[in-house]
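S.K.: Letter 451 of the sequence shown, counting from 1, is numbered 452 in our numbering, and no numbers are missing. The beta carbon of each residue, even a glycine, is placed where N, CA and C say it ideally should be. None of these values were measured; they are calculated from a predicted model.
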Amino acid sequence: MNKYETLKYYFGYDKFRPMQEDIIDTILNKENVMCILATGGGKSLCFQVPGLMMEGLTIVITPLISLMCDQVKHLKEKGISAMYLNSTQRYSEQLEVLKCVRNNKIKFLYVAPEKFNNRMFIDAINDCVVSQITLDEAHCISVYGHDFRVDYANISKFLGFLSKRPVVSAFTATASQSVINDIKECCNVDFKIFKSTFDRPNLYYETIQSNDEIKDLKILLDKYSDEQVLVYCLTRRQTESLYYRLDKESYSLALYHGGLDSQTKSYYQDFFLSKKKKIMIATSSFGMGIDGVIRVVINMGFPMSLEDLSQQQGRAGRDNKESYCYMIYNMKDLYYNEYFINAVDDLALDKDTKKLVKKVKREKLREVIGYAQTKRCLHEYLVSHFGELYMSYCCKCSNCNRNTKTIDYIKEARLVVDTLKLTKEKYGTNIVSKIIVGSKENSIKEKYLNKIKTYNKSYHSINEIKNVISNMVSDGYLDKTYDEYPVLKLNENSDIIYRLEKYDIKK
Ligand code: ADP
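#1: Taking 7 Å as the cut-off, is the C-beta of leucine 195 nearer than that to any heavy atom in ligand 1?
#2: When DSSP builds the beta bridges, which residues end up paired with tyrosine 516?
#3: What is the residue span of the beta strand (DSSP E) that tyrosine 257 lies within?
#4: I'd like the span of the alpha helix (DSSP H) that includes leucine 423, first residue to last.
#5: From aspartate 137 to glycine 439, what distance separates their C-alpha atoms?
#6: Is any heavy atom of ligand 1 found at a distance shorter than 7 Å from the C-beta of leucine 38?
#7: Can you check which of these residues, Leu379, Asp15, Gly259, is closest to glutamine 314 by C-alpha distance?
#8: Spell out the partners DSSP gives asparagine 1 in its beta bridges.
#9: Closest by CA to glycine 57, which one among Tyr14, Lys106, His461, Arg500?
#10: Please report the straight-line C-alpha distance between cysteine 141 and serine 179, rounded to a whole angstrom.
#11: Can the beta-carbon of asparagine 118 be found closer than 8 Å to that of asparagine 155?
#12: Run the proximity test for lysine 16: is its beta-carbon closer than 7 Å to any non-hydrogen atom belonging to ligand 1?
#13: Compute the Euclidean distance between the alpha carbons of glutamate 502 and isoleucine 411, then round it to the nearest angstrom.
#14: With a 10 Å radius around its C-beta and 16 neighbouring C-beta atoms as the bar for buried, classify glutamate 413 as buried or exposed.
#15: On the DSSP bridge assignment, give the partners of valine 112 in chain order.
#16: Taking contact to mean 3 or more Cβ pairs, one atom from each stretch, closer than 8 Å, check whether the region 355-373 and the region 481-496 are in contact.
#17: Can you grab the Cα-Cα spacing for the pair glutamate 228 / aspartate 217, in whole Å?
#18: DSSP beta-bridge partners for methionine 35?
#19: Just to confirm the assignment, what range does the alpha helix (DSSP H) spanning serine 471 have?
#20: What residue range is occupied by the uninterrupted alpha helix (DSSP H) comprising isoleucine 54?
#21: Please list the terminal residues of the continuous alpha helix (DSSP H) segment that includes aspartate 26.
#22: Give me the DSSP bridge partner(s) of serine 324.
#23: My output table needs one value for lysine 452: the three-state DSSP class, helix, strand or coil.
#24: I believe arginine 103 touches alanine 125 by the beta-carbon criterion, under 8 Å. Please report the beta-carbon distance rounded to the nearest angstrom.
#25: Using only the heavy atoms of ligand 1, determine whether one of them is closer than 7 Å to the beta carbon of glycine 260.
#26: Based on Cα-Cα distance, which residue from Gly371, Cys36, Ser263, Leu231 lies nearest to asparagine 468?
#27: Using 8 Å as the cut-off, can you tell me whether the region 264-271 makes contact with the region 195-209, which would need three or more C-beta pairs spanning the two stretches below that distance?
#28: Taking C-beta to C-beta, are leucine 416 and threonine 375 nearer than 8 Å?
#29: Less than 7 Å separating the Cβ of glycine 43 from some heavy atom of ligand 1?
#30: Excluding the 5 residues flanking valine 418 on each side, which residues of the same chain have their C-beta closer than 6 Å to its C-beta?
#31: Decide if aspartate 347 is buried, meaning its Cβ has at least 16 other Cβ atoms within 10 Å, or exposed.
#32: Should glutamine 314 be listed as close to ligand 1, given that the test is whether its C-beta is under 7 Å from any heavy atom?
#33: Inspect the beta-carbon positions of glycine 259 and serine 286 and report whether they are closer than 8 Å.
#34: Could you name the residues that DSSP lists as bridge partners for glutamine 210?
#35: Could you check if arginine 500 belongs to the surroundings of ligand 1, using beta carbon to heavy atom distance under 7 Å?
#36: Go ahead and pull the three-state DSSP assignment for leucine 222.
Dropping the structure here:
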């Protein structure tokens with residue numbers, strides 16, 4: 002069968018989406034590829050079609066054990082022989098899988114990177130014909146990526162163990178240039194790069210700074226009561242508490258997070274995807290590989306990175322129809338993000354790598370805060386993060402629609418710059434804000450900060466000053482160090498503040 006026949010026979014589609022065909026041709030030509038395609042772009046077909054056409058086995062390395070089962074199930078439903086191998090299976094089951102591999106009985110084997118060092122696995126695959134190694138969610142290989150997984154450290158060693166090097170195809174929805182370079186280096190493979198556009202013109206984006214997040218959420222749930230709505234929280238506990246809170250008010254709810262047993266997860270997933278339940282409250286573990294029509298995605302609080310945000314929002318409108326993405330946040334939500342940053346300390350990494358991973362996580366989080374607070378077009382903000390240019394006014398985001406109130410904070414912005422100069426850039430947002438609003442706390446008096454010229458010079462609240470500072474950072478007028486105790490620093494743009502007539506900030 003040629004590629005068109007394969008597409009029609011196994012997947013029922015008549016034509017390829019942009020880029021799919023080029024990627025497939027390159028793989029069939031035995032050239033290694035790295036493909037950066039937006040969520041919903043159709044990555045799976047890019048390795049599955051050539052995998053079916055080439056002689057031998059495709060090994061798909063994926064970090065998400067929970068998804069392997071689903072993916073294998075989908076392939077089997079299409080009449081394709083596929084199996085998975087991971088440590089959750091009994092030893093006898095794993096032996097059975099390896100036997101099928103040796104006997105060339107399967108076309109696709111999904112494995113977790115934890116198997117990279119497993120001798121039995123390596124021996125089995127060296128005993129059969131392997132046509133392709135696919136690295137799914139390839140950004141997990143890089144410490145600069147938003148979801149680095151320690152198990153990937155042995156990727157290049159693993160590729161070296163293979164007696165014959167098959168073509169390597171790597172896929173991710175999100176990778177900046179530094180991540181792409183790092184993946185190349187970690188794998189020691191020369192890839193041909195394919196990168197699609199990251200803009201999703203059918204999505205409307207809105208950010209809502211909220212003092213009552215539940216109230217604002219309910220306004221949206223009522224507005225979209227006829228649609229399938231996916232609500233993302235950062236932690237399992239948050240999903241549960243939101244679920245039980247809304248459940249009292251008889252919303253049509255489903256719940257999903259990694260801590261639920263698989264029966265409960267599939268019960269809720271099926272109910273939501275078959276539209277028997279309207280609202281899914283989930284952590285990021287819900288959504289990969291699912292194929293239902295979701296019209297609205299709402300993020301409660303800050304995801305850990307713009308990559309996570311795009312991936313989650315990207316689950317809306319996969320049918321290319323108008324769909325809506327909201328982010329409801331309050332600065333105090335950052336408390337939950339800090340928990341994930343500190344969790345790096347528990348990883349099996351050396352001290353320097355831990356420090357680097359934590360720093361990367363803080364930088365990525367800062368970009369999300371920037372997204373929440375920017376006055377720029379939100380489509381432009383997102384695609385420029387992925388290295389693309391975008392025209393300014395999209396009419397598909399809350400900022401371009403100009404339905405947000407703004408307030409001029411030029412006086413406060415200048416006070417911030419003055420305070421940094423007077424205190425020799427030694428302090429972070431908290432102390433600088435306290436100085437400007439004239440805090441009477443001992444910590445301020447003890448350091449004689451109540452004696453400096455900018456002390457008590459604004460009638461705005463401390464939270465408003467903090468908001469001004471975080472806008473100045475995201476707009477590039479100030480820098481912030483990425484340590485455990487971040488300090489504000491002046492940069493080459495800081496003095497521009499004295500020349501601006503107004504500094505408008507979203508209210
Ligand atoms: P990704 O992994 O890039 O997010 P998937 O591989 O899950 O995307 O594909 C997203 C959806 O698009 C799936 O429902 C898939 O079946 C569908 N799809 C992929 N390629 C095509 C195509 N050529 N024609 C029509 N639908 C496609």
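M.R.: On the basis of the data shown:
#1: Note that residue 195 is phenylalanine in the sequence shown, not leucine. The nearest non-hydrogen atom of ligand 1 is 7 Å or more from the C-beta of phenylalanine 195.
#2: The question about residue 516 has no answer here: the residues shown for the chain are numbered 2 through 508.
#3: 254-257 is the span of the beta strand (DSSP E), which, as asked, contains tyrosine 257.
#4: For leucine 423, the uninterrupted alpha helix (DSSP H) segment begins and ends at 411-423.
#5: Each residue's alpha carbon lies about 53 Å from the other.
#6: Yes - ligand 1 has a heavy atom lying nearer than 7 Å to the Cβ of leucine 38.
#7: Ranking the options by Cα distance to glutamine 314, first place goes to Leu379.
#8: Within the shown structure, residues of the chain are numbered from 2 to 508, placing residue 1 beyond reach of any answer.
#9: Here the closest residue by C-alpha is Lys106.
#10: For cysteine 141 and serine 179, the distance between alpha carbons rounds to 13 Å.
#11: Against a cut-off of 8 Å, the Cβ pair of asparagine 155 and asparagine 118 comes out as a contact.
#12: In this structure, ligand 1 has a non-hydrogen atom nearer than 7 Å to the beta-carbon of lysine 16.
#13: Taking the CA atoms as reference points, glutamate 502 sits about 7 Å from isoleucine 411.
#14: In this structure glutamate 413 is buried. Its beta-carbon is surrounded by 16 or more other beta-carbon atoms within 10 angstroms.
#15: Beta-bridge pairing by DSSP links valine 112 to Ile62, Leu86.
#16: The region 481-496 and the region 355-373 touch, with three or more beta-carbon pairs separated by less than 8 Å.
#17: Rounded to the nearest angstrom, the gap between the Cα atoms of glutamate 228 and aspartate 217 is 17 Å.
#18: According to DSSP, residue pairing for methionine 35 in a beta bridge involves Ala171, Ile194.
#19: Where serine 471 is concerned, the enclosing alpha helix (DSSP H) stretches over 463-475.
#20: Looking at the sequence itself, residue 54 is methionine, so the reference to isoleucine does not match. Start and end: 44-54.
#21: Following the DSSP letters along the chain, one finds aspartate 26 inside the alpha helix (DSSP H) bounded by residues 21-29.
#22: Leu204, per the DSSP bridge assignment.
#23: Taken through DSSP and simplified to helix, strand or coil, lysine 452 comes out as helix.
#24: The beta-carbon distance between arginine 103 and alanine 125, rounded to whole angstroms, is 5 Å. This is short enough to meet the 8 Å contact definition.
#25: False, no ligand heavy atom lies under 7 Å from that Cβ.
#26: Among Gly371, Cys36, Ser263, Leu231, the Cα nearest to that of asparagine 468 belongs to Gly371.
#27: Short answer: they don't touch.
#28: Against a cut-off of 8 Å, the Cβ pair of threonine 375 and leucine 416 comes out as no contact.
#29: In terms of side-chain proximity, the C-beta atom of glycine 43 is found nearer than 7 Å to a non-hydrogen atom of ligand 1.
#30: Counting only Cβ-Cβ distances below 6 Å, and skipping sequence neighbours, we find Ser495, Ile498.
#31: Taking a 10 Å sphere around the C-beta of aspartate 347, we find fewer than 16 other C-beta atoms and assign the residue as exposed.
#32: Checking every heavy atom of ligand 1 against the Cβ of glutamine 314, none is found closer than 7 Å.
#33: For glycine 259 and serine 286, yes; Cβs fall inside 8 Å.
#34: Assignment of beta-bridge partners to glutamine 210 by DSSP yields Tyr330.
#35: The answer is no for arginine 500.
#36: Assigned with DSSP and collapsed to three states, leucine 222 falls in helix.
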